[in-house]
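Sequential numbering of the sequence shown, starting at 11, is according to my numbering. Built from N, CA and C at the ideal position, the CB exists for glycine as well.
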Amino acid sequence: MMRAPVAKIIPFSNVDGPGNRTSVFFQGCTFNCLFCHNPETIHLCKSCGICVEKCPAGALSFDASGTVVWNSTACVGCDSCIHVCPHDSSPRVRWLTVEDLMKEIRRSAPYIDGITTSGGECTLQNEFLIELFTEVRKLGKTCLIDSNGSFDFEADPRILTVSEGVMLDVKAADGAWSNILISHTQELVLKNLDYLLSVNKLHEVRTVIFPGRDTENAEAVRTVAGHIGSACPYKIIRYRPFGVRERYQKLLGEFETETEYAERFARLARECGAAKAFVV
Ligand code: SF4
Ligand code: SF4
11 MMRAPVAKII
21 PFSNVDGPGN
31 RTSVFFQGCT
41 FNCLFCHNPE
51 TIHLCKSCGI
61 CVEKCPAGAL
71 SFDASGTVVW
81 NSTACVGCDS
91 CIHVCPHDSS
101 PRVRWLTVED
111 LMKEIRRSAP
121 YIDGITTSGG
131 ECTLQNEFLI
141 ELFTEVRKLG
151 KTCLIDSNGS
161 FDFEADPRIL
171 TVSEGVMLDV
181 KAADGAWSNI
191 LISHTQELVL
201 KNLDYLLSVN
211 KLHEVRTVIF
221 PGRDTENAEA
231 VRTVAGHIGS
241 ACPYKIIRYR
251 PFGVRERYQK
261 LLGEFETETE
271 YAERFARLAR
281 ECGAAKAFVV
């Protein structure tokens, strides 16, 4: 039976798409963004054991095969394990089946409009998501995909047939800054942007605005605006250092982006055609 690594489930969220939604965060990512707010979701646990002795509640141990296991009942949620992990991982991951997840979603179902899958990068679990979304839609609920754009939706569009669309991060224009910021080019991300637009499955686009990075911010915003026009909302997101790894805060900024500064780029986006650009 297919299982996927689930880092966290938020039964009710009003910031992960329209209405009230259950958000499911999967473990593992294809990028390593310097400004990641949840760096403990980037890699799967290697069972190195460093966090086991640091757990004040005795909630971590090794099983007979040497795998680190988490006792959720004993856990007090202190986060010591993720703070000491040198591998951008967490021991608090559950390998769930679609039915395991559906049990939790059914409990929230009377109160939600749908679900949003995120991460990490949820499209790493493409086959699992197709099965999950198929079941969720039987409840009459909507399904949205929060993605960094590293999955080639045109090459395998099956997931789009069972979802309302994609909330796509475009973190930079292609070029040197993209390679520094996310350790990746933007080629596939921008191809996805155009493809999702063409099949009417682009729910929204998001770009983070960094303090003092006039050139890089403007290049990213112009790139997105030139593609999307007024086809979908464009969220201009203020960089916030909360949760960002300390070594990268030195490069990106130890303070959040001022609203007024971000508004400059929302105006630029609108001038370049993205009529639905706004700051969050
Ligand atoms: S959050 Fe991590 S370190 Fe803290 S009690 Fe839970 S398992 Fe242990
Ligand atoms: S969560 Fe990190 S520190 Fe803990 S066992 Fe896994 S890889 Fe090691």
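Is the closest heavy atom of ligand 2 to the C-beta of residue i under 8 Å?
| i | result |
| --- | --- |
| residue 237 | no |
| residue 28 | no |
| residue 96 | yes |
If you follow the beta strand (DSSP E) that residue i is in, where does it begin and where does it stop?
| i | result |
| --- | --- |
| residue 134 | Residue 134 -> no beta strand (DSSP E), and no H or E assigned at all. |
| residue 126 | 124–128 |
| residue 104 | 104–106 |
| residue 179 | 175–179 |
From the DSSP output, which residues share a beta bridge with residue i?
| i | result |
| --- | --- |
| residue 246 | 217 and 289 |
| residue 80 | 70 |
| residue 32 | 125 |
| residue 155 | 127 and 176 |
| residue 20 | 33 |
Do residue i and residue j have their C-beta atoms closer together than 9 Å?
| i | j | result |
| --- | --- | --- |
| residue 122 | residue 275 | no |
| residue 14 | residue 51 | no |
| residue 148 | residue 125 | no |
| residue 129 | residue 38 | yes |
| residue 220 | residue 267 | yes |
| residue 291 | residue 19 | The structure shown does not extend to residue 291, since the chain is modelled only from 11 to 290, so the question has no answer here. |
| residue 178 | residue 216 | yes |
| residue 235 | residue 287 | yes |
| residue 100 | residue 46 | no |
| residue 181 | residue 85 | no |
Is it buried or exposed, residue i, if we count other Cβ atoms within 10 angstroms and call 16 or more buried?
| i | result |
| --- | --- |
| residue 49 | buried |
| residue 167 | exposed |
| residue 194 | buried |
| residue 93 | exposed |
| residue 223 | buried |
Where does the unbroken alpha helix (DSSP H) through residue i begin, and where does it stop?
| i | result |
| --- | --- |
| residue 98 | Per DSSP, residue 98 belongs to no alpha helix (DSSP H) and is neither H nor E. |
| residue 52 | Looking at the DSSP string, residue 52 is not in any alpha helix (DSSP H), and its letter there is neither H nor E. |
| residue 201 | 197–208 |
| residue 260 | 256–262 |
| residue 236 | 224–238 |
| residue 188 | 186–192 |
Do residue i and ligand 1 come close, with the Cβ less than 8 Å from some heavy atom?
| i | result |
| --- | --- |
| residue 66 | yes |
| residue 102 | yes |
| residue 79 | no |
| residue 90 | yes |
| residue 86 | yes |
| residue 276 | no |
| residue 70 | yes |
| residue 61 | yes |
Got a sec: does ligand 4 put a non-hydrogen atom nearer than 8 Å to the Cβ of residue i?
| i | result |
| --- | --- |
| residue 253 | For ligand 4, the structure offers nothing, since it holds only ligand 1 and ligand 2. |
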